[in-house]
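Line by line, the protein sequences give chains A and B.
Heads up: the first sequence is residues 2 to 455, going by the numbering used here.
Heads up: the second sequence is residues 51 to 292, going by the numbering used here.
The C-beta atom is built at its ideal place from N, Cα and C for all residues, glycine as well.
On a predicted model such as this, the values are computed, not experimentally measured, just so you know.
Input: a single structure, listed below in structure tokens.
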Amino acid sequence: MNRRLRPSVLFRSMAGRIFVLLAVGIAASSIISLFFANQARRNDFHRIRHERVVASAVDVAGRLAREPEKTAQMLEQRLILGAAAAPVGIAIGDPEPGLAKELERHLGAASHPEAGQVPTGFCFRYKKLDPRQAAAGFADAPLPDCWIVRFTDTAGKRQAIALGLPRLTMPADSTFRPVDLLLIMLVSALLSVLVAREIAKPLRRLEKAAEAFSLSLDPRPLPEEGPDEVRAALSTFNLMQNRVRAGFRERTQLLAAISHDLQTPLTRMRLRLEQVDNPELRDKLLQDHRAMQTLVREGLDLASSTEAQEDWAMIDIDSVLHSIVEDAVELGHDVRLLSECGGMVRGKPNALTRCIGNLVDNAVKYGGDAEIRCTRTDGHVWISVRDHGPGIDEAELDEMFEPFTRGTAGQPGGRSGTGIGLTIARTLAMTFDGSVRLANAEGGGLIATIHFEG
Amino acid sequence: MTGGDRTGRKTVLVVEDDEDIRDLIVEQLARDNYRLLAAPDIAGLRRICAAEAVDLIVLDLNLPDGDGLALCRELRARDIATPVIMVTARGTAIDRVLGLELGADDYLTKPFEPRELMARVRNLLRRTEGNAAAAKVQRRLVRFGPWRLDLFQRRLIAPDEGLVMLSSAEFRLLSRFIEEPNRVLSREELLPERKATVAYDRSIDLQVSRLRQKLGQIEGGADLILTVRSEGYVLACPVIHE
Chain A
2 MNRRLRPSVL
12 FRSMAGRIFV
22 LLAVGIAASS
32 IISLFFANQA
42 RRNDFHRIRH
52 ERVVASAVDV
62 AGRLAREPEK
72 TAQMLEQRLI
82 LGAAAAPVGI
92 AIGDPEPGLA
102 KELERHLGAA
112 SHPEAGQVPT
122 GFCFRYKKLD
132 PRQAAAGFAD
142 APLPDCWIVR
152 FTDTAGKRQA
162 IALGLPRLTM
172 PADSTFRPVD
182 LLLIMLVSAL
192 LSVLVAREIA
202 KPLRRLEKAA
212 EAFSLSLDPR
222 PLPEEGPDEV
232 RAALSTFNLM
242 QNRVRAGFRE
252 RTQLLAAISH
262 DLQTPLTRMR
272 LRLEQVDNPE
282 LRDKLLQDHR
292 AMQTLVREGL
302 DLASSTEAQE
312 DWAMIDIDSV
322 LHSIVEDAVE
332 LGHDVRLLSE
342 CGGMVRGKPN
352 ALTRCIGNLV
362 DNAVKYGGDA
372 EIRCTRTDGH
382 VWISVRDHGP
392 GIDEAELDEM
402 FEPFTRGTAG
412 QPGGRSGTGI
422 GLTIARTLAM
432 TFDGSVRLAN
442 AEGGGLIATI
452 HFEG
Chain B
51 MTGGDRTGRK
61 TVLVVEDDED
71 IRDLIVEQLA
81 RDNYRLLAAP
91 DIAGLRRICA
101 AEAVDLIVLD
111 LNLPDGDGLA
121 LCRELRARDI
131 ATPVIMVTAR
141 GTAIDRVLGL
151 ELGADDYLTK
161 PFEPRELMAR
171 VRNLLRRTEG
181 NAAAAKVQRR
191 LVRFGPWRLD
201 LFQRRLIAPD
211 EGLVMLSSAE
221 FRLLSRFIEE
231 PNRVLSREEL
241 LPERKATVAY
251 DRSIDLQVSR
261 LRQKLGQIEG
271 GADLILTVRS
281 EGYVLACPVI
291 HE
């Protein structure tokens, strides 16, 4: 679990990368859009404030244009709610050009308006009234916003009015509340996990299929389902699988055909050899004949090992090992079973027996003896065959599986046999979805290990 | 019935389409003083069998006018017990198991050692001498107690279809028991190849105990082979060929 959560591991897998990209991306974009929404809200707030000022100012300007004297008087005496003559000599400390422009649009270019907010005290003069004590519950709300607007009226007279408007307070900013942020991150992480898994799923399947294909000779075609792209990839994979299999089968058939047809001339030759009178010549020819025969036989073995159509069965694994050991001992070989597995395994009985038998034969032939061990954990079975021979150069270990490879000439016993035993063993192992590995043992000798799930 | 001539020689019929091989086999077998007949195909075989009594047929599997297996089956179906040695190239689709199942008495793969051919012919003739019934079709499965024994694949089959492998020695031993169930077999009878020393060596006891152990793994398999003091062993259960 710990290993999986390390960032390097997260970034190595595609699902991990998609997850990180999406989680970060979604969270960032939603935070950014929230930020912009907040910005828009702030702008709207300012716009509404300005609109109210403009509406008031336009109203007052209209009255001034219609009844200049009465209005001026009313302003002076504070008889209009929310509008009064501005105190003489007041400066607009913080002019707002945006508001001025808006006023100009309504009052005409000749009005040259100026506007700005000033402290509330310029609009209202509460001498005795402390709003905090006089009003219930609304803190400083009763105190209005105070705006000063100056403009030139239609008569060409410069007017200055103070507009008191009910105060608008912007509600507190909620964008970056931790709860919201956490929620955003959680949702984006969840979404990313879903997407990453959805994308990785077909790839996983493909990977599993490729692995099965590399282990088995007779892999099942993948069901072609899912979105178009995935289906196309799966179908291509199936096609490749079929082609590889077909090519493999062709090669095997060729090998089988050649080996098979060689048997007739070999039979003739063998029977004719009985008529050779010169004993020395006869022995030499017999030796050659035997060598050829071995080659043909192993070629056929290899061909039949790839074509083996054996049924799966439950096998008493220890009985397999015991019977192999006893048969080898009966032939006078030094073969021992050092540890048993116990229980039944799922496998192909003939292929399994021949596979182990081949490894034991090899060990006896090249190493002089064979020690068999069987271990089993969580449905995996390992059967190792160890000899105490010279082993094989590390560099040559993999080559040993190629047909007709026998260790280097310098190795004792390295030149006898056809060198096809390991190839056959591995092909046989593939028929029950197993694998064969070679390694040099500590203290000398070679270990061949069969691994399969059973 | 013996198809030999007045001198008591046995008649062996070689059926093989390759002329060279046919002649060579005939030549080889002639060393053993048989009366030899040869046919290149199934038609020839029928002709000869109709005219003469034959003691043994050496039959190639692939013949130009039909395959040896079908012929073998036909012979058995008509209750003709003439023993047959099937000769075939290895790697043909028909394997040893099928060959034996269809009624061949023995089986030889090309290329074979001439001496081996001669030995098999000799053995088979001896085995079937005066005992035509011996050449009956060999059954593949034998049931005894809870077990079944696969005679061709040399393995035990448990009631749950699980497989238990037998070593060659164990298989030989068990086959011997199955041939004569419920009869006490002496150590010499069980291990004829070691007749000379069997009285001293205990290897037969070891083999029997191993076999018992394998058979005893499942319920009802424990007391199949019983020891009869100072006489030998007995397989104490009915044996059914199926």
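Start and end of the alpha helix (DSSP H) containing residue i?
| i | result |
| --- | --- |
| Ala-73 (chain A) | 69-77 |
| Ser-324 (chain A) | 318-331 |
| Leu-63 (chain B) | Here Leu-63 (chain B) belongs to no alpha helix (DSSP H); instead the beta strand (DSSP E) covers 61-65. |
| Asp-223 (chain A) | Sequence check: residue 223 (chain A) is Leu here, not Asp. No alpha helix (DSSP H) holds Leu-223 (chain A); DSSP gives it neither H nor E. |
| Thr-376 (chain A) | Where Thr-376 (chain A) is concerned, there is no enclosing alpha helix (DSSP H), although the beta strand (DSSP E) it sits in stretches over 371-378. |
| Gln-78 (chain B) | 69-80 |
| Ile-92 (chain B) | 92-101 |
| Gln-257 (chain B) | 253-265 |
| Ile-228 (chain B) | 218-229 |
| Arg-159 (chain A) | That residue, Arg-159 (chain A), is in no alpha helix (DSSP H); its beta strand (DSSP E) goes 159-166. |
Is residue i close to chain A? Criterion is C-beta to C-beta, closer than 7 Å.
| i | result |
| --- | --- |
| Pro-164 (chain B) | yes |
| Ala-139 (chain B) | yes |
| Leu-274 (chain B) | no |
| Gly-58 (chain B) | no |
| Ser-253 (chain B) | no |
| Gly-195 (chain B) | no |
| Met-215 (chain B) | yes |
| Val-62 (chain B) | no |
| Asp-117 (chain B) | no |
| Ile-107 (chain B) | no |
| Leu-79 (chain B) | no |
Going by DSSP, name the residue or residues bridged to residue i.
| i | result |
| --- | --- |
| Pro-96 (chain A) | A:Gly-117 |
| Asp-200 (chain B) | B:Leu-191, B:Arg-205 |
| Met-315 (chain A) | A:Arg-347 |
| Phe-162 (chain B) | Answer by DSSP bridge pairing: none, since Phe-162 (chain B) is not bridged. |
| Leu-241 (chain B) | Beta-bridge pairing links Leu-241 (chain B) to no other residue. |
| Tyr-283 (chain B) | B:Leu-235, B:Thr-277 |
| Thr-132 (chain B) | Note: Thr-132 (chain B) sits in no beta bridge, so no partner. |
| Ala-257 (chain A) | In DSSP, Ala-257 (chain A) forms no bridge with anything. |
For chain B, find out if any of its Cβ atoms is closer than 7 Å to the Cβ of residue i; answer yes or no.
| i | result |
| --- | --- |
| Gln-264 (chain A) | yes |
| Arg-271 (chain A) | yes |
| Leu-439 (chain A) | no |
| Glu-454 (chain A) | no |
| Val-386 (chain A) | no |
| Glu-225 (chain A) | no |
| Ala-314 (chain A) | yes |
| Ser-320 (chain A) | yes |
| Ala-449 (chain A) | no |
| Leu-267 (chain A) | yes |
| Glu-443 (chain A) | no |
| Gln-294 (chain A) | yes |
| His-334 (chain A) | no |
| Ser-324 (chain A) | yes |
| Glu-403 (chain A) | no |
| Met-241 (chain A) | no |
| Pro-280 (chain A) | no |
Mind checking which residues open and close the beta strand (DSSP E) that includes residue i?
| i | result |
| --- | --- |
| Ser-385 (chain A) | 381-387 |
| Ala-86 (chain A) | 84-86 |
| Cys-147 (chain A) | 146-153 |
If you scan the region 416-448 of chain A from start to end, which runs of the alpha helix (DSSP H) of 4 or more residues do you find wholly inside it? The region 416-448 of chain A contains these whole alpha helix (DSSP H) runs: 422-432.
Inter-stretch contact (C-beta, 8 Å, three-pair minimum) for the region 77-86 of chain B and the region 111-122 of chain B: Output reads no: the region 111-122 of chain B does not touch the region 77-86 of chain B.
Assess contact between the region 315-330 of chain A and the region 368-377 of chain A, defined as three or more Cβ pairs (one per stretch) separated by less than 8 Å. Is contact present? They touch, by the three-pair rule.
Does the count of Cβ pairs from the region 101-114 of chain A and the region 80-88 of chain A closer than 8 Å reach three? Short answer: they don't touch.
Continuous alpha helix (DSSP H) assignments of at least 4 residues falling wholly in the region 175-213 of chain A: Within the region 175-213 of chain A, no run of alpha helix (DSSP H) reaches 4 residues while sitting entirely inside it.
Jot down the residue ranges of each uninterrupted beta strand (DSSP E) in the region 327-364 of chain A, minimum 3 residues, whole runs only, in chain order. Every unbroken stretch of the beta strand (DSSP E) spanning 3 or more residues and falling wholly within the region 327-364 of chain A is given here in chain order: 336-340, 345-348.
Any chance the region 329-341 of chain A sits against the region 287-302 of chain A, with 3 or more Cβ pairs inside 8 Å? No, they do not touch.
Counting only runs of 3+ residues fully inside the region 11-79 of chain A, write out the beta strand (DSSP E) ranges in chain order. Counting only runs of at least 3 residues, the region 11-79 of chain A fully encloses no beta strand (DSSP E) element at all.
Cβ pair count under 8 Å reaching 3, the region 231-239 of chain A against the region 420-440 of chain A: With fewer than three CB-CB distances shorter than 8 Å, the region 231-239 of chain A does not count as touching the region 420-440 of chain A.
Do three or more CB pairs link the region 152-161 of chain A to the region 56-75 of chain A at distances below 8 Å? As far as the Cβ criterion goes, the region 152-161 of chain A touches the region 56-75 of chain A, which means the pair count is three or higher.
Cβ contact check for the region 284-291 of chain B and the region 221-239 of chain B: 3 or more pairs under 8 Å: A contact exists between the region 284-291 of chain B and the region 221-239 of chain B.
Are three or more beta carbon pairs between the region 360-368 of chain A and the region 382-392 of chain A nearer than 8 Å? By the C-beta criterion, the region 360-368 of chain A is judged to be in contact with the region 382-392 of chain A, since at least 3 inter-stretch pairs fall below 8 Å.
Are at least three pairs of beta-carbons, each pair with one atom in the region 305-318 of chain A and one in the region 272-285 of chain A, less than 8 Å apart? Not touching, per the Cβ criterion.
Taking one C-beta from the region 82-92 of chain B and one from the region 57-72 of chain B each time, how about it: are there three or more such pairs within less than 8 Å? By the C-beta criterion, the region 82-92 of chain B is judged to be in contact with the region 57-72 of chain B, since at least 3 inter-stretch pairs fall below 8 Å.
3 or more residues per run - each beta strand (DSSP E) lying fully within the region 230-281 of chain A: List check, beta strand (DSSP E) in window: nothing returned.
Count Cβ pairs between the region 259-273 of chain B and the region 154-172 of chain B that sit closer than 8 Å; are there 3 or more? At 8 Å Cβ cutoff, the stretches do not touch.
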